[in-house]
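Per the working numbering, the sequence shown runs over residues 82 to 263.
The beta-carbon is built from N, C-alpha and C at its ideal position, and this holds for glycine as well.
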Amino acid sequence: MLIKDYQLEVFTPPCEPGAERFSAIAHLTADIREVLPYLNAILRGAVYRPEVPALQWRKAGHYVTFQPNQIAISNVEDREAAIREVEGLIKLVNRTWERRDEIEPNYETRRRPTALELYKLLPRTNCKACGEPSCFVFANKLAAGQVELEQCTPLAEPQYAEQRARLAELLAVDLPAIGPRA
Ligand code: SF4
82 MLIKDYQLEV
92 FTPPCEPGAE
102 RFSAIAHLTA
112 DIREVLPYLN
122 AILRGAVYRP
132 EVPALQWRKA
142 GHYVTFQPNQ
152 IAISNVEDRE
162 AAIREVEGLI
172 KLVNRTWERR
182 DEIEPNYETR
192 RRPTALELYK
202 LLPRTNCKAC
212 GEPSCFVFAN
222 KLAAGQVELE
232 QCTPLAEPQY
242 AEQRARLAEL
252 LAVDLPAIGP
262 RA
């Protein structure tokens, strides 16, 4: 087992007073840098930065960062969920380390799509259904990981199926299948 012991810190980021979103950091006694390329190989959409070293990953709207001596998660709905998420991430690291002989490590850094690339694939009707004033604003927030692709509900219309699939591929997210027309 790679991570045997850690100290957990759960807090509300000071930059978001009253936001009621929680962050948690597991301060590790073990150094987990060697597992990062293995996590990079198995975690869809992860961004590995070997020069730091760190691995960033979006998990169901949460932001996760793995560093040699800590695992951090942010944007979690409550304290208990933040604790559960950290425990799950610790298990993930340990399982990955135990299975490392079966995994081809990936040392490459995945490129994040730019806002312009994303914008070109959106419906570009500025309908505001996503809650943003325009598709371009939405594209910028999408590139920054501040909104979810599913918030653009017009994308679920059949005529946008190809663009939707390409966006999901660029962002490395899974989307529910589009149902048949009623
Ligand atoms: S819902 Fe989609 S199409 Fe409408 S403004 Fe937002 S990004 Fe553009």
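By the neighbour-count criterion, in which a residue is buried when 16 or more other Cβ atoms sit within 10 angstroms of its Cβ, VAL174 is buried. Distances between the C-beta of PRO131 and the heavy atoms of ligand 1 are all 6 Å or more.
Relative to ALA111, the option among LEU83, GLY226, TRP138, THR93 whose CA is nearest is LEU83.
A straight-line Cα-Cα distance of about 7 Å links ALA224 and PRO194. Restricting attention to ALA246, GLU132, ALA122, CYS211, the CA atom closest to the CA of LEU202 is found in ALA246. Relative to the non-hydrogen atoms of ligand 1, the Cβ of PHE219 comes within a distance shorter than 6 Å of at least one. Bridge partners of GLN137 according to DSSP: VAL128, THR146. The three-state reading of DSSP puts TYR188 in coil, since its state is none of H, G, I, E or B. By the C-beta criterion, the region 101-111 is judged to be in contact with the region 155-164, since at least 3 inter-stretch pairs fall below 8 Å. Annotation for TYR144: SER155, ASN156 place their beta carbon closer than 6 Å to its own, counting only its chain and skipping 5 residues before and after. Nearest to GLN148 by alpha-carbon distance, out of ARG165, ARG139, VAL133, ALA162, is VAL133. According to the DSSP assignment, TYR87 belongs to no alpha helix (DSSP H) but to the beta strand (DSSP E) extending over 87-92. The DSSP-derived three-state label of ASN121 is helix. In the structure shown, VAL116 adopts helical secondary structure according to DSSP, grouped into three states. Only residues of its own chain outside the window of five on either side were considered, and among them ALA107, LEU170 have a CB closer than 6 Å to the CB of ILE152, listed in chain order. Taking 7 Å as the cut-off, the Cβ atoms of THR190 and TYR129 count as close.
ILE106 is bridged by DSSP to GLU90, ALA153.
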